[in-house]
Amino acid sequence: MSEILTAKADGILTITINRPDKKNALTSAMYAAMADALEAAESDAAVRVIVFAGNGGAFTAGNDLLDFLNTPPQGDESPVFRFLRAISTASKPLVAAVSGVAVGVGTTMLLHCDLVYVGTDARLSLPFVNLALVPEAASSLLLPAMIGYHRAAELLLLGEPFNAETAKAYGIANAIFPDARVLPEAMQVAAKLAAKPPTALRLTKQLLRQTRGDIAGQMAAEGVHFRSQLKSAEAREAMTAFFEKRPPKFS
Numbered sequence: 130m131s132e133i134l135t136a137k138a139d140g141i142l143t144i145t146i147n148r149p150d151k152k153n154a155l156t157s158a159m160y161a162a163m164a165d166a167l168e169a170a171e172s173d174a175a176v177r178v179i180v181f182a183g184n185g186g187a188f189t190a191g192n193d194l195l196d197f198l199n200t201p202p203q204g205d206e207s208p209v210f211r212f213l214r215a216i217s218t219a220s221k222p223l224v225a226a227v228s229g230v231a232v233g234v235g236t237t238m239l240l241h242c243d244l245v246y247v248g249t250d251a252r253l254s255l256p257f258v259n260l261a262l263v264p265e266a267a268s269s270l271l272l273p274a275m276i277g278y279h280r281a282a283e284l285l286l287l288g289e290p291f292n293a294e295t296a297k298a299y300g301i302a303n304a305i306f307p308d309a310r311v312l313p314e315a316m317q318v319a320a321k322l323a324a325k326p327p328t329a330l331r332l333t334k335q336l337l338r339q340t341r342g343d344i345a346g347q348m349a350a351e352g353v354h355f356r357s358q359l360k361s362a363e364a365r366e367a368m369t370a371f372f373e374k375r376p377p378k379f380s
């Protein structure tokens, strides 16, 4: 069974993360599949809107740490950075339907979506520092701009989970729905967008995004530190402690 499902109908491309036994934790192959889908959608006139969702009661638990350690990102063409570049430069509207956990990239990718809907039981988190890593997806630029420096510092420095109400209050999410209604509601919104004039829609998104600063530059700067930290003794201890289910010890 494919771990990334794509379906195209009525102008909407739905990309569904489908690894429910691992809470949709992402592997390099899954990043590559999502990057391929986003890149293909850019030149496909039949696609007017893209919807992200997760199967099995989770959006995504973030990176599969074992896969991540075995195949760490080495450069800009690695699957994870291809995906981040594709989602950050997508010209067509992106809609996210989030239920359950949205860890790490599961939250940072929402900063690149145009409309975000979350379930009542959604739990978002940005635990990069806790794994001895740094933020990615230009979240160190986008999050302070979106929610203010002190709120962003709280989420990124402490790395503690936050709920749907906080996500909506901070402006990370547009609305909260019962978990079973999140995807249907997101699809209804996507259908409204798909019915609008596509060029005007893309141009309006382009104009909105011009206020966001140098996303590519920030993403590149984050990537340098991310790859460096991934090789560090801090990261080895943090991830070993995670797998051993014990508190890490940093000297």
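Under our numbering, the first residue of the sequence shown carries the number 130, and numbering increases by one thereafter.
Virtual Cβ for every residue (Gly too), placed ideally from N, Cα, C.
Residue pairing for threonine 189: DSSP places it in a beta bridge opposite Ala231.
Counting along the chain, isoleucine 146 sits inside the beta strand (DSSP E) bounded by residues 141-146.
In the DSSP annotation of this structure, the continuous segment of the alpha helix (DSSP H) that includes valine 311 starts and ends at 308-323.
When secondary structure is reduced to three states using DSSP, glycine 342 falls in the coil class, being assigned neither helix nor strand. With respect to serine 254, threonine 236 sits close: the two C-beta atoms are nearer than 8 angstroms. The beta carbons of alanine 302 and valine 353 sit about 30 angstroms from each other, so the pair does not count as a contact at 8 angstroms. In the assembly as shown, glutamate 351 is a buried residue. Its beta-carbon has 16 or more other beta-carbons within 10 Å. In the structure shown, valine 176 adopts coil according to DSSP, grouped into three states. Following the DSSP letters along the chain, one finds alanine 169 inside the alpha helix (DSSP H) bounded by residues 157-171. Check the Cα spacing between alanine 323 and each of Pro222, Ser269 and Ala309: the tightest is with Pro222. In chain order, Phe257, Ser269, Glu351, His354, Phe355 and Gln358 place their CB closer than 8 angstroms to the CB of valine 263, counting only its own chain and leaving out the 5 sequence neighbours on each side. Only buried fits glycine 191, as 16 or more other CB atoms lie within 10 angstroms of its CB.
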